[in-house]
Ligand code: 4HQ
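Numbering (this note's numbering), first residue to last: 2 to 255.
This is how it looks when you write it as structure tokens:
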């Protein structure tokens, strides 16, 4: 899969080659990461890429001409790729969208700077707008790298352990269960006995149940989306029962 980033700061993307899954995926040719320097498509003496906003106001806007030429160049290189603009106005980039993009042969990511890009670029040359969350970045580059990282690790061959992408939080629809490694006792805190029991059925059940409780406590919104397994319902009903028993006991004395 090819990722092409259009940016005024192509060097930023070298961060993806420093280590980790993105570096390995480039080396094994499961992905390629190309950058296009938007400034290479500005042909005035100062290679200007920004201009003052019509109607006044603070800040600068990315001029349409260099950006349009850069996007046309990218489309020429990768005619089948989808072209996305990173912007807080975009569709929220979540695990579902990452899985969708993992099915594409190419993704082109247009990274704005300043106050944003001329609206005519968004209207005419962008397939869809993506946001990585409700906060304001100083440029689209970090957002584009988030997208590349999250999509890359879903591609076949990207993981040492193929299973771990499927068991990830959000792929199960739940937050992850707690993880432990050696030593068995660390600063007085023990690894839960069940994980040392060798009983794989019991361990699987414990993990699922801790995932459920964690999700309920930290991100109850997630439990409303995903369908639950039958065993989940049984466990939640048992907890519900236990809570009711506690409440009844305490309302009897007060
Ligand atoms: N941007 N998710 C680039 C973002 C953003 C986000 C603000 C995009 C600044 C120039 N991008 N402009 N959040 O905050 O994708």
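For glycine and all other residues, C-beta sits at the position ideal for the given N, C-alpha and C.
| Query | Result |
| --- | --- |
| Hey, would you say the C-beta of residue 92 is under 7 Å away from at least one heavy atom of the ligand 4HQ? | no |
| Whose C-alpha, out of 67, 128, 232, 49, is nearest the C-alpha of residue 1? | There is simply no residue 1 to check, as the chain begins at 2 and stops at 255 in what is shown. |
| Please determine if the stretch 100-109 and the stretch 75-85 are in contact, where contact requires at least 3 C-beta pairs separated by less than 8 Å. | yes |
| Between the C-alpha atoms of residue 217 and residue 134, what's the straight-line distance to the nearest angstrom? | 22 Å |
| Should residue 144 be listed as close to the ligand 4HQ, given that the test is whether its C-beta is under 7 Å from any heavy atom? | yes |
| Keeping to the same chain, check which residues put their C-beta closer than 6 Å to that of residue 48; ignore five residues upstream and five downstream. | 40 |
| Quick one: using the 10 Å Cβ neighbour count with 16 as the cut-off for buried, is residue 241 buried or exposed? | exposed |
| Checking 8 Å against the spacing of the C-beta atoms, do residue 91 and residue 131 come in under that value? | yes |
| Based on Cα-Cα distance, which residue from 69, 226, 139, 174 lies nearest to residue 124? | 69 |
| Mind checking residue 42: buried by the 16 CB within 10 Å criterion, or exposed? | buried |
| Taking the C-alpha atoms as reference points, what is the distance between residue 250 and residue 243? | 11 Å |
| Using 8 Å as the Cβ pair cut-off and three pairs as the minimum, do the stretch 3-15 and the stretch 26-40 touch? | yes |
| Provide the residue span of the beta strand (DSSP E) that contains residue 50, from first to last. | Unbroken run through residue 50: none, as it is neither H nor E. |
| Check whether the Cβ of residue 9 sits closer than 7 Å to any heavy atom of the ligand 4HQ, and report yes or no. | no |
| Cβ of residue 133 within 7 Å of any heavy atom in the ligand 4HQ? | yes |
| Does the beta carbon of residue 157 fall short of 7 Å from some heavy atom of the ligand 4HQ? | no |
| Can you tell me the Cα-Cα spacing of residue 220 and residue 67, whole angstroms? | 43 Å |
| Which residues in the same chain as residue 72 place their Cβ atom closer than 6 Å to its Cβ, once the five residues preceding and following it in sequence are excluded? | 126 |
| Determine the closest residue to residue 153 out of 198, 101, 171, with distance taken between C-alpha atoms. | 101 |
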